[in-house]
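What follows is a set of notes on a single structure, which appears directly below.
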Amino acid sequence: MEAKRVLVIGGGTSGNVMTVLLLRAGIDVDLVEARPDWNVRGSGITLQGNALRVLREIGVWDEVREHGFGFDSLGLTTPDGTVLHVGEVLRTGGDDLPATLGMQRPVLQRILVDAVRASGANVRLGTIAEILSEDDTSVTVRLSDGSEGRYDLVVAADGLHSATRAAIGIDVKPEPTGMAIWRVPAPRPAGVECSALSHGGPCYIAGYTPTSEDTIYAYLVEPSRDRATIPPESYAQEMRRLAEGYGGAWDEIRDSITDPAQVNYTWFDRMLVEGSWHRGRVVLIGDAAHCCPPTMAQGAAMAMEDAWVLSQLLTSGSAWDEELLTRYYERRIDRVRMIVEASVQIGQWQLEGVPGDVPGLLDATMPVLKELP
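Residue numbers (numbering that gives the first Met the number 0): 0 to 372.
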């Protein structure tokens, strides 16, 4: 290929995966990330097989497997902890990968950061990018450190509230769904071998996922509240209060929730950019293009698949033009729309108190995810 230069804006999951894949193909990549700490934070993350498939593609699967906790089943319990059902989950990444793997999100981010560093990318932390101009062949960008550069392509992986998305004239914004989630890391209670969910009690969902041999992350989903009315210093107390309605493993989990700085409170949002995910030579991936509630645990998977598909097209030998970027959108939109709509639907049934057909919805969507994106 003719020598190419790409700027990736955003060093989260999709931006890191994009960077590694492009560098491997011999494309020169600059990565800029607004946070000086490279966003190594969070409680836990649930990765299904189609996400693990991409992590294997970038060469970090062995490390992810070592530091995470893989499993093939999902448990359902009553609020008091009584197990109602434990069922097998489809291996969407193929039979040689677990159906699901939980891990601490900071650990995943550190693994991806190390992969980016090893790839030889030029990384600038605490840096913001501003698009100055573009023509048919390149984009001129000014960085907040005062430098300027010209790139053959800019990949916007700068998240849900993407400044790049707005700057290129795409005015779609995330919309709250009416639900919110409390998350916290915790020690793993004995006997917790897979994710388990409880519907009912004081929250819509009470759940937990093992993230290593010693840890889990636990979560409670409730109607969204004005965050200004919940002082951050009260987060641990508030999550413990909500957890009082749950038994079983929650008795041990609840006692461990003591540090408000470890508790995260976030609203559920939905967004899907329709029509195209690019303007000129600036293209969106991940949460900059779409987001959904975590009711199907597919947000990170969809973001990583974006990076994988776009990198395949960029390294195919085809011209980097309007047709190629349109093909990227066309390969992704139906699959992503399916996940966004299904994830929102599950939450909407809960908001309305309607006994929706969640098993039927999952039976319709999960086999599609086993197919390559």
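No residue lacks a Cβ here, since even glycine has one placed at the ideal position from N, Cα and C. These figures come from a predicted structure and were not determined experimentally.
For this session: Consult DSSP for R269 and reduce its assignment to one of helix, strand or coil.
Result: Here the question's residue 269 lines up with position 270 in the sequence shown. Reduced to three states, the DSSP call for R269 is strand.
Exercise. Contact check, A155 vs T18 under 8 Å by CB: the rounded distance?
Worked result: If you number the sequence shown from 1, residue 155 lands on position 156. If you number the sequence shown from 1, residue 18 lands on position 19. Their Cβ separation, rounded to whole angstroms, is 13 Å, which puts A155 and T18 out of contact at 8 Å.
Problem set entry | With 16 other Cβ atoms within 10 Å as the buried cut-off, status of V106 | Working through the sequence shown from its first residue, we reach residue 106 at position 107. Flag for V106 reads buried.
Exercise. Does the Cβ-Cβ distance between L283 and R164 come in under 8 Å?
Worked result: Here the question's residue 283 lines up with position 284 in the sequence shown. Here the question's residue 164 lines up with position 165 in the sequence shown. Contact flag set, yes.
Exercise. Within this structure, are the beta carbons of S342 and T265 separated by less than 8 Å?
Worked result: Position 343 of the sequence shown, counted from the first residue, corresponds to residue 342. Position 266 of the sequence shown, counted from the first residue, corresponds to residue 265. The answer is no: Cβ separation not under 8 Å.
Exercise. With a CB to CB cut of under 6 Å and the five nearest residues on each side skipped, what residues in its chain are close to E133?
Worked result: Taking the sequence shown and counting its residues from 1, one reaches residue 133 at position 134. Excluding residues within five positions, the ones whose Cβ falls inside 6 Å are G279, R280.
Exercise. Taking only runs of the beta strand (DSSP E) that begin and end inside the stretch 264-320, which ones reach a length of at least 3 residues, in chain order?
Worked result: 281-283
For this session: Would you mind giving the Cβ-Cβ distance between W307 and E56, rounded to the nearest angstrom? I have them listed as a contact below 8 Å.
Result: Mapped onto the sequence shown, residue 307 falls at position 308. Mapped onto the sequence shown, residue 56 falls at position 57. The Cβ separation is near 6 Å, so the contact holds.
Exercise. Does the stretch 217-237 come close enough to the stretch 198-206 to have 3 or more Cβ pairs within less than 8 Å?
Worked result: yes
Problem set entry | L159 in three-state terms, based on DSSP | For the purposes of this step, residue 159 is identified with residue 160 of the sequence shown, where counting begins at 1. Coil at L159, not helix or strand.
Exercise. Around the Cβ of R187, are there at least 16 other Cβ atoms within 10 angstroms (buried) or fewer (exposed)?
Worked result: Along the sequence shown, read from residue 1 onward, the residue named residue 187 stands at position 188. R187 is buried by the Cβ-count criterion.
For this session: Identify every residue that forms a DSSP beta bridge with S194.
Result: Residue numbering aside, residue 194 sits at position 195 when the sequence shown is read from its first letter. According to DSSP, S194 bridges with L73.
Exercise. If we count the other Cβ atoms within 10 Å of its Cβ and call it buried at 16 or more, is T136 buried or exposed?
Worked result: Residue 136 sits at position 137 when you count from the first residue of the sequence shown. Burial call: exposed.
For this session: Within the same chain, show all residues whose beta-carbon is closer than 7 Å to that of C290, passing over the 5 residues directly before and after it, in chain order.
Result: By 1-based counting over the sequence shown, the position of residue 290 is 291. So the qualifying residues of the chain are L159, P173, D268, R269, M270, G298.
Exercise. Straight-line CA distance for P35 to D144?
Worked result: Counting from 1 along the sequence shown, the entry for residue 35 is found at position 36. Counting from 1 along the sequence shown, the entry for residue 144 is found at position 145. Distance between the alpha carbons of P35 and D144 is about 13 Å.
Exercise. With C-beta atoms as the reference, is I26 less than 8 Å away from V153?
Worked result: Working through the sequence shown from its first residue, we reach residue 26 at position 27. Working through the sequence shown from its first residue, we reach residue 153 at position 154. Contact: no.
Problem set entry | C-beta contact flag for W60 and L51 at 8 Å | On the sequence shown, residue 60 is found 61 positions in, with the first residue counted as 1. On the sequence shown, residue 51 is found 52 positions in, with the first residue counted as 1. Yes, the Cβ-Cβ distance between W60 and L51 is below 8 Å.
Exercise. For E370, which three-state DSSP category applies?
Worked result: Within the sequence shown, numbered from 1, the residue matching residue 370 stands at position 371. Coil, per DSSP.
Exercise. CB-CB under 7 Å to A296, same chain, minus the five flanking residues each way: which ones, in chain order?
Worked result: The residue you call residue 296 lines up with position 297 of the sequence shown. Cβ within range, chain order: T45, Q47.
Problem set entry | Span separating the alpha-carbon of L100 from that of T77 | Sequence index remark: in the sequence shown, residue 100 carries index 101 (1-based). Sequence index remark: in the sequence shown, residue 77 carries index 78 (1-based). In a straight line, the C-alpha of L100 is about 23 Å away from that of T77.
For this session: Starting from P105, follow the alpha helix (DSSP H) in both directions and report where the run begins and ends.
Result: By 1-based counting over the sequence shown, the position of residue 105 is 106. Start and end: 104-118.
Problem set entry | For I332, three-class secondary structure by DSSP | On the sequence shown, residue 332 is found 333 positions in, with the first residue counted as 1. Note: I332 maps to helix in three-state DSSP.
Exercise. Residues in its own chain within less than 6 Å of E62 by CB, not counting five upstream and five downstream?
Worked result: Your numbering for residue 62 matches position 63 in the sequence shown. If we look at E62 and ignore the five residues flanking it on each side, its Cβ neighbours are I110.
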